[in-house]
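Undergrad:
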Amino acid sequence: MELCIDFGGSEIKLGILDRGAPVRTATVPTGDGDIERASAAATALIDAVSPAAPTSAGIAVPGVVDRAAGRLVKAHDKHPRLNGFDLIAWADTTFGLPAAVENDARAALVGEISTGSAAGARDAVLMALGTGIGTAAVMDGTLLRGAHDHAGILGGHLTVDIDAPMCNCGNVGCAESIAGAWALRRDLAPRGDAVTDVREMIAAAETGDAAAAALRVRAIRAWGATAVSLCHAYDPGTVILTGGIMRAGAAVAAPIEAYVREHLWTSSHRPAFVIPDRPDLSVLRGLSVLAAENQAARSARANR
Ligand SMILES: [Zn+2]
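Just so you know, we're using the numbering used here here: the sequence shown kicks off at 389 and counts up by one.
1) Counting only the same chain and skipping the five closest in sequence on each side, list residues whose C-beta sits under 6 Å from that of P667.
2) Count the C-beta pairs between the stretch 571-580 and the stretch 479-496 that are closer than 8 Å, then say yes if the count reaches three, no if not.
3) Grab me the residues of A507's own chain with a C-beta within less than 8 Å of its C-beta, minus the 5 sequence neighbours each way, in chain order.
4) So is G472 in contact with chain D if we call contact Cβ pairs under 8 Å?
5) Pop quiz: L497 and A512 are said to be a contact at Cβ under 8 Å. What is the actual Cβ separation, rounded to whole angstroms?
6) Out of A445, G544, I404, point me to the one whose CA is closest to S438's CA.
7) Run the Cβ filter for me: residues under 5 Å from any heavy atom of ligand 1, listed in the order they occur in the chain.
8) Please classify A366: does DSSP put it in a helix, a strand, or coil?
9) By the DSSP assignment, the alpha helix (DSSP H) with R587 in it spans what residues?
10) By DSSP, does N559 sit in helix, in strand, or in coil?
11) By Cβ distance below 6 Å, which residues in the same chain neighbour S565 in space, the five residues on each side in sequence not counted?
12) Let me check understanding here. Comparing Cα to Cα, which of A639, A646, L391 lies closest to I434?
13) Considering only DSSP beta bridges, list what S444 is partnered with.
14) What are the boundary residues of the alpha helix (DSSP H) that includes I423?
15) With L475 as the anchor, note down where its alpha helix (DSSP H) starts and where it stops.
16) Roughly how many angstroms separate the alpha carbons of A639 and I590, rounded to a whole number?
17) Is M389 near A440, with beta carbons less than 8 Å apart?
18) Since A563 and I521 should fall inside the 8 Å C-beta cutoff, what is the C-beta to C-beta distance between them, to a whole number of angstroms?
19) Give a yes or no on contact between the stretch 450-458 and the stretch 466-485, applying the rule of three or more CB pairs nearer than 8 Å.
20) Shortest alpha-carbon distance to T523 belongs to which of C619, V411, A599, D406?
21) Quick one: what's got a C-beta closer than 7 Å to V560's C-beta in the same chain, skipping five residues either side?
22) Between D394 and R469, is the Cβ-Cβ spacing less than 8 Å?
23) Would S505 pass as a contact of I633 if the rule is Cβ separation under 8 Å?
24) CA-CA distance, R649 and S444?
25) Secondary structure at D537, three-state DSSP: helix, strand or coil?
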């Protein structure tokens with residue numbers, strides 16, 4: 389069994405899984421003392437499944453990861469305490485478990501192509517539309533990581549508007565700076581009315597609210613342009629749409645898919661679009677697989 393911990397934007401999800409199958413899960417809100425609260429919640433989960441016990445750990449964080457060092461290298465304003473924090477040492481000293489550390493979108497993709505909505509897919513991209521826009525890609529069955537662990541995960545920071553303001557990452561006109569939930573809330577806030585949530589924005593747009601409708605159109609173009617660029621870069625057979633914004637369902641998915649149909653390179657095959665039915669489990673399922681792989685690799689090295 390694997391102890392899996394996902395430090396998400398608004399909550400920390402924890403689970404004990406058995407090769408992708410959840411045995412027991414828990415959720416705690418993010419905020420001050422998040423590492424201590426994750427320690428306490430994970431310890432309670434381990435106690436709850438005793439005398440069985442996890443033999444490895446997987447930890448996901450919302451940003452660029454140095455997997456060898458077990459550290460979150462850079463996240464923008466999310467979990468500031470995790471920046472540079474040694475998660476491998478934490479899992480070792482707190483739980484006595486070897487840990488694999490991974491970017492959350494990449495872990496979610498592993499979860500969906502192993503035991504989730506795209507099980508068995510060898511060429512797929514994932515877009516997690518939430519506080520930020522997380523992405524990941526698998527090509528020819530290989531999870532893309534690149535020379536510096538950046539490959540595939542920075543799709544939210546592809547430029548979709550070169551005339552837009554600078555993003556907090558330093559690039560210009562990133563999709564996330566236009567259509568991440570934090571950016572949409574920023575653009576909704578000056579209205580000073582009840583519309584402060586992305587789903588409220590979509591609902592208001594459908595009832596004739598012109599300002600909300602304009603924001604929705606711009607967000608859909610940004611999400612759609614990101615999906616087109618990911619398809620042009622990675623040639624996926626499957627595009628997985630997930631994240632908190634996808635709770636709006638077809639109201640978001642259908643126009644993104646239509647945008648891709650309209651703008652994808654003409655000779656390209658059209659990818660299948662998939663929305664996971666259990667998006668809350670994507671990252672935990674992936675971490676379970678990655679934790680078990682990490683433990684197997686460690687054992688192989690030890691027996692060499
Ligand atoms: Zn950016």
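Every residue gets a Cβ at the ideal spot worked out from N, C-alpha and C, and that includes glycine. These numbers come from a predicted model, not from an experiment.
TA: With the given structure in hand:
1) Closer than 6 Å at the Cβ level, and outside the excluded window around P667, lie T630.
2) The stretch 571-580 is not in contact with the stretch 479-496.
3) Leaving aside the five residues that flank A507 on each side, the residues in its chain whose CB is nearer than 8 Å to its CB run, in chain order, E500, I501.
4) Absent from the structure: chain D. Only one protein chain is present.
5) The C-beta distance from L497 to A512 rounds to 7 Å, short enough to meet the 8 Å contact threshold.
6) Looking at the Cα atoms, I404 is the closest of the given residues.
7) This selection yields H545, C555, C557, N559, C562.
8) Residue coverage of the chain in this structure runs from 389 to 692, which leaves residue 366 outside it and unanswerable.
9) Unbroken alpha helix (DSSP H) run through R587: 586-594.
10) Three-state DSSP puts N559 in coil, outside helix and strand.
11) Same-chain partners within the cutoff: C555, A571.
12) The shortest C-alpha separation from I434 is found at L391.
13) DSSP, once it has assigned bridges, lists E390 as partnering S444.
14) According to the DSSP assignment, I423 belongs to the alpha helix (DSSP H) that extends over 422-437.
15) That run of the alpha helix (DSSP H) goes 475-483.
16) If you take the alpha carbons of A639 and I590, they lie about 8 Å apart.
17) A contact, by the Cβ cut-off of 8 Å.
18) Indeed, because the Cβ distance is near 5 Å, the residues count as touching under 8 Å.
19) A contact exists between the stretch 450-458 and the stretch 466-485.
20) Ranking C619, V411, A599, D406 by Cα distance to T523 puts C619 first.
21) Hits under 7 Å: T547, I550, A552, M554.
22) Against a cut-off of 8 Å, the Cβ pair of R469 and D394 comes out as no contact.
23) Not a contact, by the Cβ cut-off of 8 Å.
24) Each residue's alpha carbon lies about 42 Å from the other.
25) Correct three-state label for D537: coil.
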